[in-house]
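Novice: Have a look at this one.
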Amino acid sequence: EMSSSSGSVKDNKNGVVRADAGGRQGEEIASKSFMIQSKRFYLDLKQNNRGRFVKLAEVSLNGRKNRLFMTMLVCKNLKDILDKLEKDGRTAVVPKDTTEGKDNTGGVIHTETIINDRRRYYIDLRENHRGIFLRVTQFDIQTGNRNSVALPLQ
10 EMSSSSGSVK DNKNGVVRAD AGGRQGEEIA SKSFMIQSKR FYLDLKQNNR
60 GRFVKLAEVS LNGRKNRLFM TMLVCKNLKD ILDKLEKDGR TAVVPKDTTE
110 GKDNTGGVIH TETIINDRRR YYIDLRENHR GIFLRVTQFD IQTGNRNSVA
160 LPLQ
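Add 9 to a position in the sequence shown, counting from 1, and you land on the number used in my numbering.
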């Protein structure tokens, strides 16, 4: 269940109040945080002058943050990909001995691409010694910036 934010004016740690509804960061509509293994994830629904979007942040124990921004259309496409993977049984845990040595894909089980405006998203279902996980990589075509979030599947 997502909690709702009360408005566009936020009070940060330093006591500085700022209105950010029209800015790049946007106004927070709802937020959810959850722990998976040793990482904390934040899923924020926000809105700015260009519309609604989702900010997904992964924070590891050492404080390192990875962030992705997705339009609602990208979120729908991502949901469709996840539904398809689940329907195909690709997210089921495969015994190690059946996957090792078969190919040289670096643990990639399945990959998809979403192209939206100036961003490209790579959706990779991967496997390593810790298990199966979903890596979502956001690539900005204009700047060349690349950000990734890895979500362990439990």
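All C-beta atoms, glycine included, are put in the ideal place defined by N, C-alpha and C.
(1) Let me know the secondary structure DSSP gives V18 once reduced to three states.
(2) Whole angstroms are fine: how far does the CA of E36 sit from the CA of N58?
(3) Nearest to R128 by alpha carbon, out of S42, S69, S157 and R139?
(4) Closer than 8 angstroms is the cut-off here; do at least three beta carbon pairs connect the segment 76 to 95 with the segment 138 to 156?
(5) If you drop the 5 nearest sequence neighbours on each side, which residues of the same chain put their C-beta closer than 8 angstroms to that of I90?
(6) The alpha helix (DSSP H) that contains L94, what's its start and end?
(7) In its own chain, which residues sit with a C-beta less than 7 angstroms from the C-beta of G116, not counting the 5 before and 5 after it?
(8) Return the chain-ordered list of same chain residues with a C-beta closer than 8 angstroms to the C-beta of M81, the five sequence neighbours on each side being excluded.
(9) Could you have a look at I141 and say whether DSSP puts it in helix, strand or coil?
Specialist: The short version:
(1) Numbered from its first residue, the sequence shown carries residue 18 at position 9. Any answer about V18 is weak, because its pLDDT of 41 lies below 50 and its placement is not dependable; what the coordinates show is given next. If DSSP states are grouped into helix, strand and coil, V18 belongs with the strands.
(2) Looking up residue 58 in the sequence shown gives position 49. Looking up residue 36 in the sequence shown gives position 27. Each residue's alpha carbon lies about 10 angstroms from the other.
(3) Here residue 128 refers to the residue found at position 119 when the sequence shown is read from its first residue. Taking only the C-alpha atoms, the option nearest R128 is S157.
(4) They touch, by the three-pair rule.
(5) For the purposes of this step, residue 90 is identified with residue 81 of the sequence shown, where counting begins at 1. E121, I123 and I132.
(6) Residue mapping note: residue 94 aligns to position 85 of the sequence shown, counting from 1. For L94, the enclosing alpha helix (DSSP H) starts and ends at M81 to K96.
(7) Here residue 116 refers to the residue found at position 107 of the sequence shown. Only residues of its own chain outside the window of five on either side were considered, and among them R135, E136 and N137 have a CB closer than 7 angstroms to the CB of G116, listed in chain order.
(8) Residue numbering aside, residue 81 sits at position 72 when the sequence shown is read from its first letter. Here M81 has G60, R61, F62 and V63 as same chain residues with Cβ atoms under 8 angstroms from its own Cβ, once five neighbours each way along the sequence are excluded.
(9) Residue mapping note: residue 141 aligns to position 132 of the sequence shown, counting from 1. Three-state result, I141: strand.
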